[in-house]
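Visitor: Residue numbers (this note's numbering): 1040 to 1164. Have a look at this one.
What follows is the structure in structure tokens.
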């Protein structure tokens, strides 16, 4: 399976923390994260880190896909299965990935106030 796309992003955990403590927190959360992501991240003691890692993951996928027109934040949901994070996609993200016949591999991390994510797009077998 050939690699056909790569995206990487970093996000300041402090930036997300400021948003979460601000007057537009709910609007931001509803625009960027799915209900399941909000439930998971909001329940964590380090919620800002969890949100920042998912934000970076979504940005990395957008970059790997070449920023297709019409893509929305909630078209990309980060889920965990068997310990590994992965995307569940819908909308434009799904259309583009199906059209290109690609799957996304995702890795995320956060440490020292920074969250980072890398996405590799590979051709389907």
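Each residue gets a CB set at the ideal place from its N, CA and C atoms; glycine is no exception. Please read all numbers here as calculations on a predicted model, not as lab measurements.
What number of angstroms, rounded off, separates the C-alpha of residue 1126 from the C-alpha of residue 1074?
Guide: Translated into positions along the chain shown, residue 1126 becomes position 87. Translated into positions along the chain shown, residue 1074 becomes position 35. Their backbone Cα atoms lie some 14 Å apart in a straight line.
Visitor: Roughly how many angstroms lie between the CA atoms of residue 1104 and residue 1059, to the nearest whole one?
Guide: Indexing the chain shown from 1 puts residue 1104 at position 65. Indexing the chain shown from 1 puts residue 1059 at position 20. A straight line joining the alpha-carbon of residue 1104 with that of residue 1059 spans about 28 Å.
Visitor: Please return the same chain residues whose Cβ sits closer than 7 Å to the Cβ of residue 1088, not counting the five positions on each side in sequence.
Guide: Along the chain shown, one-based indexing puts residue 1088 at 49. 1052, 1149 and 1154.
Visitor: Would you check if the distance between the CB atom of residue 1152 and the CB atom of residue 1102 is smaller than 7 Å?
Guide: Taking the chain shown and counting its residues from 1, one reaches residue 1152 at position 113. Taking the chain shown and counting its residues from 1, one reaches residue 1102 at position 63. Their beta carbons are not under 7 Å apart, which means residue 1152 does not touch residue 1102 by this criterion.
Visitor: Does the beta-carbon distance from residue 1117 to residue 1107 come in below 7 Å?
Guide: Residue mapping note: residue 1117 aligns to position 78 of the chain shown, counting from 1. Residue mapping note: residue 1107 aligns to position 68 of the chain shown, counting from 1. No, these two residues do not count as a Cβ contact at 7 Å.
Visitor: Kindly indicate the opening and closing residues of the alpha helix (DSSP H) around residue 1138.
Guide: Here residue 1138 is taken as the residue at index 99 of the chain shown, counted from 1. That run of the alpha helix (DSSP H) goes 1130-1139.
Visitor: Just the Cα atoms here: how many angstroms apart are residue 1042 and residue 1157?
Guide: If you number the chain shown from 1, residue 1042 lands on position 3. If you number the chain shown from 1, residue 1157 lands on position 118. Rounded to the nearest angstrom, the two C-alpha atoms are 13 Å apart.
Visitor: So, are the CB atoms of residue 1142 and residue 1098 less than 7 Å apart?
Guide: Mapped onto the chain shown, residue 1142 falls at position 103. Mapped onto the chain shown, residue 1098 falls at position 59. Contact flag unset, no.
Visitor: Just how far apart, CA to CA, sit residue 1112 and residue 1136?
Guide: Residue numbering aside, residue 1112 sits at position 73 when the chain shown is read from its first letter. Residue numbering aside, residue 1136 sits at position 97 when the chain shown is read from its first letter. CA-CA distance, residue 1112 to residue 1136, rounds to 15 Å.
Visitor: Tell me which residues share the same chain as residue 1076 and place their Cβ nearer than 7 Å to its Cβ, disregarding the 5 neighbours each side in the sequence.
Guide: To locate residue 1076, count along the chain shown from 1; it is residue 37. Excluding sequence neighbours, residue 1076 sits near 1093, 1116 and 1117.
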